[in-house]
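*Asks:* Next up is a structure, given as structure tokens.
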Amino acid sequence: MRQIPMLALDLDGKAGSVRLARQAVQQFLDQLAAAAGPRFRDTTRLDVSVVVTELVSNACLHAPGPCRLLVAARPGEIEVAVEDTGHRLLAPSVPAGTWVRGLLVVTRLSRGVHVVPIPGGKVVETVVVER
């Protein structure tokens, strides 16, 4: 059975969390490429960086407290999930706001956004496919 490369990063939800998340994902993808793991085109890496930025930003802005970034890389796709302490489920049909536009960007770059309620908050997840 082949192990799926994963990144798990706990963030405090404060200033700097988005930058740390973005840097960690780029380092993770660099390490995969160096270790003969899945390699991704620059366009896909950029898409993942934007998706991570938007999802972590939303968690920091709209959920109190810490959040956790989870990234899994499989050949041809990268799954991104952010767990936060917010109980408010996402509603892209809400009148236009910056967080809604960010989610629209995420859905454009990925296979859509899925929200899973969990005890103590929610997980927002998506999959970016190699293009």
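Residue 125 in our numbering sits at position 29 of the sequence shown; the count goes up by one each step and never skips.
Heads up, the beta-carbon is just placed ideally off N, CA and C, and yes, glycines get one too.
Every value quoted in this text rests on a predicted model; they were computed, and no experiment measured them.
To which residues of the same chain is Met102 closer than 8 Å at the C-beta, ignoring the five residues directly before and after it?
*Replies:* Indexing the sequence shown from 1 puts residue 102 at position 6. Result list for Met102: Leu166, Val167, Ala168 and Ala169, in chain order.
*Asks:* What runs of the alpha helix (DSSP H), each 4 residues or longer, lie entirely inside the stretch 117-169?
*Replies:* 138-158
*Asks:* Provide the residue span of the beta strand (DSSP E) that contains Glu83, from first to last.
*Replies:* There is simply no residue 83 to check, as the chain begins at 97 and stops at 227 in what is shown.
*Asks:* In this structure, how does DSSP classify Leu185 when only helix, strand and coil are distinguished?
*Replies:* In the sequence shown, the residue the question calls residue 185 occupies position 89. DSSP places Leu185 in coil when its eight states are reduced to three.
*Asks:* Is Gly112 helix, strand or coil by DSSP?
*Replies:* Here residue 112 is taken as the residue at index 16 of the sequence shown, counted from 1. Of the three classes helix, strand and coil, the one that applies to Gly112 here is coil, per DSSP.
*Asks:* Alpha carbon to alpha carbon, how far is Gly161 from Val225? Give it in angstroms, no decimals.
*Replies:* Position 129 of the sequence shown holds residue 225. Position 65 of the sequence shown holds residue 161. Straight-line Cα distance between these residues: approximately 30 Å.
*Asks:* Could you spell out the range, first to last residue, of the beta strand (DSSP E) harbouring Pro213?
*Replies:* For this step, residue 213 is matched to residue 117 along the sequence shown. His210 to Ile214 is the extent of the beta strand (DSSP E) around Pro213.
*Asks:* Does the stretch 123-131 come within contact of the stretch 194-212, defined as at least 3 CB pairs closer than 8 Å?
*Replies:* no
*Asks:* Contact defined as beta carbons within less than 8 Å: I believe Arg164 pairs with Leu107. What is the distance between those atoms, to the nearest angstrom?
*Replies:* If you number the sequence shown from 1, residue 164 lands on position 68. If you number the sequence shown from 1, residue 107 lands on position 11. About 7 Å; that satisfies the 8 Å criterion.
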